[in-house]
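Engineer: Mind looking over this structure? Questions follow.
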Amino acid sequence: MPVLDEVKDVLAACCASTKVLSKTIFPERFYLPFAKMHDGIFEAIDDDRYQKVVIKAPRGLGKTSLANLAYPAKKILFREKKYIVQISNTSTQAVMQAENLKQELLKNEIIVKLFGSIKSENFSKEQWVTSSGTMVMPRGSGQQVRGLLFGNSRPDLIICDDLEDDEGVESEEQRKKLKQWFFADVLNSISRHRSDWKIVYIGTLLHEDSLLATLMELKDWKKVELSLFDDNYKSNWPDFMTDQAIWDMVEGYREAGELDVLYREYKGEAISKEDAIFRPSYFRYYEESEINPRQLESIVILDPAKTVKIHSAESALICWGIDTVGNKLYVRDLVAKKMHPDELYDELFEMCKRMRASVIGIETTSLHDWIMYPLTNEMLRRGLNFEIVEINAVGKKPERAKWLVPLY
Numbered sequence: 050m051p052v053l054d055e056v057k058d059v060l061a062a063c064c065a066s067t068k069v070l071s072k073t074i075f076p077e078r079f080y081l082p083f084a085k086m087h088d089g090i091f092e093a094i095d096d097d098r099y100q101k102v103v104i105k106a107p108r109g110l111g112k113t114s115l116a117n118l119a120y121p122a123k124k125i126l127f128r129e130k131k132y133i134v135q136i137s138n139t140s141t142q143a144v145m146q147a148e149n150l151k152q153e154l155l156k157n158e159i160i161v162k163l164f165g166s167i168k169s170e171n172f173s174k175e176q177w178v179t180s181s182g183t184m185v186m187p188r189g190s191g192q193q194v195r196g197l198l199f200g201n202s203r204p205d206l207i208i209c210d211d212l213e214d215d216e217g218v219e220s221e222e223q224r225k226k227l228k229q230w231f232f233a234d235v236l237n238s239i240s241r242h243r244s245d246w247k248i249v250y251i252g253t254l255l256h257e258d259s260l261l262a263t264l265m266e267l268k269d270w271k272k273v274e275l276s277l278f279d280d281n282y283k284s285n286w287p288d289f290m291t292d293q294a295i296w297d298m299v300e301g302y303r304e305a306g307e308l309d310v311l312y313r314e315y316k317g318e319a320i321s322k323e324d325a326i327f328r329p330s331y332f333r334y335y336e337e338s339e340i341n342p343r344q345l346e347s348i349v350i351l352d353p354a355k356t357v358k359i360h361s362a363e364s365a366l367i368c369w370g371i372d373t374v375g376n377k378l379y380v381r382d383l384v385a386k387k388m389h390p391d392e393l394y395d396e397l398f399e400m401c402k403r404m405r406a407s408v409i410g411i412e413t414t415s416l417h418d419w420i421m422y423p424l425t426n427e428m429l430r431r432g433l434n435f436e437i438v439e440i441n442a443v444g445k446k447p448e449r450a451k452w453l454v455p456l457y
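For the sequence shown, the residue numbers in my numbering are 50 to 457.
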């Protein structure tokens, strides 16, 4: 076969597959054989039917190299995208990732040989344009992305890599702020009337209420989950870490009392199953017919949304049945959803009547006046008479939850 034909075949294979391109163009970066689990990533990013892709992947599996090097390089070299935005946790990280991509495109001998120079006159760190006309712009989380234009083009490829960090996810306010920015700005920076855009979000799970966790639950996102090891600590990528290496790492984290960190960083789970405070075995299902109502005291607890616009966040109602004779606690009913005030009152009072509860407990930490007075007035207006007990939460939620452990 003539050399030119061989080159064409190689280029065709690289154009069709990020996996092939990674091994062909960047052999020094991707020197280990890919594991079977990597195929899920390649399928999701290469298939244009999936416009919104979320990938939950642990540390060390090459997710950043794939997301911020191989994948955008393929889109640039084969002129498949016009405007690429790379978003990281900070602007410094984003600029660094974009600069790494740029240097590879400029200095990689294989790229230079196959594609020639991609450098243009506009080649700064803040943003740069290739000779083929693709704009690359790095951004940190929270920075301006909505309304970005390159000529007449809006971003057609947005790559979000590890937008969250350990400190930020611990703050409920910071988690909410990041989610609002992502859904309001990032998702609205593309041209909705077109079908050639793609958003790829890739990250490590750091919190059960993180942005990554939220995206993993949405039906309109293509989801990919990776884990370095299974529940028995068997390696899912032996070429990277053997079973013995996994076990040695687990022992080290166990001895340090940091298994939760191990599970977050390498298994994609927020809490270690070994030392979780609450375990599935602690909870038992029951039928209402098993309860003796004569020895049961039922109370309904309301945890309202912590916002003046109560319908903009979820409120929760839970009915606890307390069996003082049998020394048991029953979760009798639960409602958790976004509700307007009238819906919340309907659900609350209906649950109280249905479960024959005479006491309502309500958390009033931050919105006392916005909750207590309207609730009391509504109860009286309906001709109802329940005892309302204010619950003043003390300390952080994880610490308060630990107080329940002795009951199990």
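C-beta: ideal position from N, C-alpha, C; glycine also.
Given a cut-off of 8 Å on the beta-carbon distance, is the pair A458 and I104 in contact?
Structural biologist: No answer is possible for residue 458: it lies beyond the span of the chain, which begins at 50 and ends at 457.
Engineer: Tell me, please, which residues DSSP counts as bridged to W177.
Structural biologist: Here residue 177 refers to the residue found at position 128 when the sequence shown is read from its first residue. F172 and V185, per the DSSP bridge assignment.
Engineer: So, under 8 Å CB-CB, S190 and I136 are touching, yes? Tell me the CB distance rounded to an integer number of Å.
Structural biologist: Within the sequence shown, residue 190 is the residue found at index 141, counting from 1. Within the sequence shown, residue 136 is the residue found at index 87, counting from 1. Going by Cβ atoms, the distance from S190 to I136 rounds to 6 Å, so yes, they are a contact pair.
Engineer: Am I right that K210 and N341 are in contact with their C-beta atoms under 8 Å? What's the rounded C-beta distance?
Structural biologist: Taking the first residue of the sequence shown as position 1, residue 210 is located at position 161. Taking the first residue of the sequence shown as position 1, residue 341 is located at position 292. With the sequence shown as reference, residue 210 is identified as Asp, and Lys is not the correct amino acid for it. No, D210 and N341 are not in contact; Cβ-Cβ is about 56 Å, not under 8 Å.
Engineer: Can you give the Cα-Cα distance for D352 and V102, rounded to whole angstroms?
Structural biologist: Mapped onto the sequence shown, residue 352 falls at position 303. Mapped onto the sequence shown, residue 102 falls at position 53. If I take the Cα positions, the gap works out to 33 Å.
Engineer: For A262, count the other beta carbons within 10 Å of its own beta carbon; 16 or more makes it buried, fewer makes it exposed. Which is it?
Structural biologist: Translated into the one-based positions of the sequence shown, residue 262 becomes position 213. Buried is the call here.
Engineer: Mind checking R128: buried by the 16 CB within 10 Å criterion, or exposed?
Structural biologist: To locate residue 128, count along the sequence shown from 1; it is residue 79. Looking at its Cβ environment, which holds fewer than 16 other Cβ atoms inside 10 Å, R128 is exposed.
Engineer: Out of Y132, G111 and R343, state which residue places its alpha-carbon closest to the alpha-carbon of P204.
Structural biologist: Translated into the one-based positions of the sequence shown, residue 204 becomes position 155. The residue with the shortest Cα to Cα distance from P204 is Y132.
Engineer: If you reduce the DSSP assignment to three classes, tell me which class G89 lands in.
Structural biologist: Residue mapping note: residue 89 aligns to position 40 of the sequence shown, counting from 1. Three-state DSSP puts G89 in a helix.
Engineer: Which same chain residues, not among the five before or five after K112, have their C-beta less than 6 Å away from its C-beta?
Structural biologist: Here residue 112 refers to the residue found at position 63 of the sequence shown. Hits under 6 Å: A106 and I251.
Engineer: Between L429 and I411, which are expected to be in contact by the criterion C-beta below 8 Å, what is the C-beta distance as a whole number of angstroms?
Structural biologist: As a working note, residue 429 is residue 380 in the sequence shown. As a working note, residue 411 is residue 362 in the sequence shown. Contact flag wrong, Cβ pair sits at about 15 Å.
Engineer: Would the beta-carbon of R313 fall within 8 Å of that of L254?
Structural biologist: The sequence position of residue 313 within the sequence shown is 264, counting from 1. The sequence position of residue 254 within the sequence shown is 205, counting from 1. Their beta carbons are under 8 Å apart, which means R313 touches L254 by this criterion.
Engineer: Taking L198 as the reference, which of E337, Q229 and I239 has the closest Cα?
Structural biologist: Taking the sequence shown and counting its residues from 1, the one referred to as residue 198 is at position 149. Checking every option, the nearest Cα to that of L198 belongs to I239.
Engineer: S173 to I160, Cα distance in whole Å?
Structural biologist: As a working note, residue 173 is residue 124 in the sequence shown. As a working note, residue 160 is residue 111 in the sequence shown. Cα to Cα, S173 sits roughly 20 Å from I160.
Engineer: Between which residues of its own chain and K271 is the CB-CB distance below 6 Å, once the five residues before and five after are set aside?
Structural biologist: Along the sequence shown, one-based indexing puts residue 271 at 222. So the list reads A93, Y99 and V102, once near-sequence residues are dropped.
Engineer: Would you mind working out which of H256, A354 and L206 sits nearest E219, comparing C-alpha positions?
Structural biologist: Taking the first residue of the sequence shown as 1, we reach residue 219 at position 170. Answer by Cα proximity: H256.
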